[in-house]
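Each remark here refers to the structure printed beneath this line.
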Amino acid sequence: MGSTHSVFSFSSGKGGVGKTNIVANTAIALANMGKRPLILDADLGLANIDVLLGLAPRYNIKHVLSGEKTIKDVLVEGPHGILILPAGSGVPELLDLTETQKRILLDEMETISDMIDTLLIDTAAGISDNVLYFNIASQHRIIVVTPEPTSITDAYALIKVLYTRHKVEDFCILVNWANSENDAKKVYSQLASVADRFLGPLRLEFIGFVPRDQYLQKAVLQQRAVLDMYPNASSSAAFRDLAHRINRMGQEAKPDGNIRFFWKDFLMIQ
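Basically the working numbering = 1-based index in the sequence shown + 18.
And the structure:
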């Protein structure tokens with residue numbers, strides 16, 4: 019693999035902040051730019067990206083680990099050719115794999131390396147071991163936060179754990195459901211100010227915002243991407259902007275930031 023492969027984790031301190039919707043629409047926007055994204059649904063308890071897009075996966079990563087299926091059998095194709103690796107149903111042991119299972123997963127990921135160039139990981143909310151591991155192993159960490167005080171507090175808690183326990187220093191902040199760019203930047207400033215005061219030399223970058231948009235909710239109810247149903251909506255424009263930003267970040271990445279290295283880090287394979 020070359021340096022064009024990049025890995026982004028999307029996380030949040032609390033649930034219900036619209037993270038999965040952001041991942042799905044960003045993947046579609048990337049596909050529309052000619053990229054080849056893969057979504058890893060890593061919310062191992064409450065996986066729902068398939069529901070969001072009206073898909074019905076028959077298999078998940080568990081079937082790959084057992085040797086029943088190859089990863090190509092398990093991949094689901096979503097709108098505009100985006101690929102989704104379902105990993106939610108019945109796979110709580112993903113962090114407790116045997117060495118054999120780790121090797122199987124790594125080898126299987128290698129078989130699809132030429133099919134994808136960007137890995138988007140939709141993690142669970144909170145600070146569980148799964149969430150922390152995916153963030154540590156990722157090349158770029160995007161923390162989704164809303165203007166609600168509890169969302170900001172919980173986002174800070176996630177950043178604090180990653181920084182103090184695992185020495186992670188770089189984060190991108192994406193504000194969802196903001197009334198305006200000014201409001202979004204206020205949320206970012208609040209978070210950055212608290213982090214700077216209590217944690218130290220962190221790098222928190224404002225990566226953008228998604229505005230409150232009635233069309234986004236209408237699309238969710240239809241199990242469709244807002245980019246498809248309402249391409250002229252303000253949220254659709256925001257997802258296109260985010261995709262361009264992510265694409266630039268991927269192009270500027272270090273040469274070792276690719277998908278095989280992600281899985282080696284995550285699976286702790288030497």
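Note that the Cβ used here is the ideal one computed from N, Cα and C, for glycine as well.
Proximity winner among the options, relative to residue i (alpha-carbon distances)
| i | options | result |
| --- | --- | --- |
| A175 | L58, A237, N39 and L209 | L209 |
| E187 | T38, T118, Q241 and N153 | N153 |
| Q241 | G33, N43, S30 and F26 | N43 |
| L234 | A255, L222 and F224 | A255 |
| R183 | D201, H158 and L150 | L150 |
| S29 | I100, V163 and T116 | V163 |
| F257 | V25, A47 and S27 | A47 |
| D283 | A202, I89, R121 and L83 | R121 |
| D259 | T38, E199, V212 and L239 | E199 |
| A142 | R266, G268 and V35 | V35 |
| P55 | N265, E270, W281 and A243 | N265 |
| G33 | K185, E166 and A237 | E166 |
| G52 | I100, I40 and A155 | I100 |
| N50 | E270, Q269 and A243 | A243 |
| I130 | K204, H23, K185 and S211 | H23 |
| H98 | V238, L245, Q269 and E270 | L245 |
| M267 | P229, V205 and Q157 | Q157 |
Backbone secondary structure at residue i - three-state DSSP
| i | result |
| --- | --- |
| V319 | The shown model of the chain, from 19 to 288, leaves out residue 319, and the question about it has no answer. |
| S21 | Legend: pLDDT at S21 = 39, less than 50; position of this residue unreliable, no value from coordinates given. |
| H89 | The question names His, yet the displayed sequence has Ile at residue 89. DSSP places I89 in helix when its eight states are reduced to three. |
| R121 | helix |
| P219 | coil |
| G99 | helix |
| T141 | strand |
| T38 | helix |
| I134 | coil |
| S3 | Since the first and last residues shown for the chain are 19 and 288, residue 3 lies out of range. |
| N194 | strand |
| L260 | helix |
| L71 | coil |
| W281 | helix |
| P104 | strand |
| G275 | Note on G275: pLDDT 47, under 50, position unreliable in the model; the coordinate value appears next. In this structure, G275 counts as coil in the three-state DSSP scheme. |
| G226 | strand |
| R266 | helix |
| A251 | coil |
| P165 | coil |
| A60 | strand |
CB-CB length for residue i against residue j, believed under 8 Å
| i | j | result |
| --- | --- | --- |
| L71 | G31 | Between G31 and L71 the Cβ distance is about 25 Å, and since that is not below 8 Å, they are no contact. |
| D61 | D140 | 6 Å |
| A155 | F280 | 5 Å |
| L138 | V41 | 5 Å |
Same chain only: Cβ atoms within 8 Å of residue i, ignoring 5 sequence neighbours per side
| i | result |
| --- | --- |
| D68 | D59, A74, P75, V94, I102 and P104 |
| H81 | K87, D91 and V92 |
| T116 | none |
| G85 | I122 |
| L285 | L115, K120, L123 and L124 |
Chain-order list of residues whose beta-carbon lies under 7 Å from that of residue i (same chain, five-residue window excluded)
| i | result |
| --- | --- |
| D231 | A251, S252 and S253 |
| I145 | A175, L176 and V179 |
| Y181 | E187, L217 and L220 |
| N66 | T38 |
| R263 | I225 and G226 |
| V212 | Y174 |
| Q269 | none |
| A261 | T44, A47, L48 and M51 |
| Y206 | I191, V193 and F224 |
Neighbourhood of residue i by C-beta, 6 Å cutoff - its chain only, sequence neighbours within 5 removed
| i | result |
| --- | --- |
| A202 | V193, A196 and F227 |
| E126 | V82 and I89 |
| K37 | F28, S30 and V162 |
| R159 | S27, N153 and F189 |
If you pair each beta-carbon of the region 209 to 218 with each one of the region 247 to 254, do three or more pairs fall below 8 Å?
With a cut-off of 8 Å, the region 247 to 254 and the region 209 to 218 do not count as touching, because too few Cβ pairs lie within range.
State whether the region 132 to 141 contacts the region 163 to 174, with contact taken as three or more CB pairs (one from each stretch) at a distance under 8 Å.
The answer is no - the region 163 to 174 does not touch the region 132 to 141, with fewer than three Cβ pairs under 8 Å.
Contact the region 75 to 92 vs the region 217 to 232: 3+ CB pairs below 8 Å:
Flag = no, the region 75 to 92 and the region 217 to 232 do not touch.
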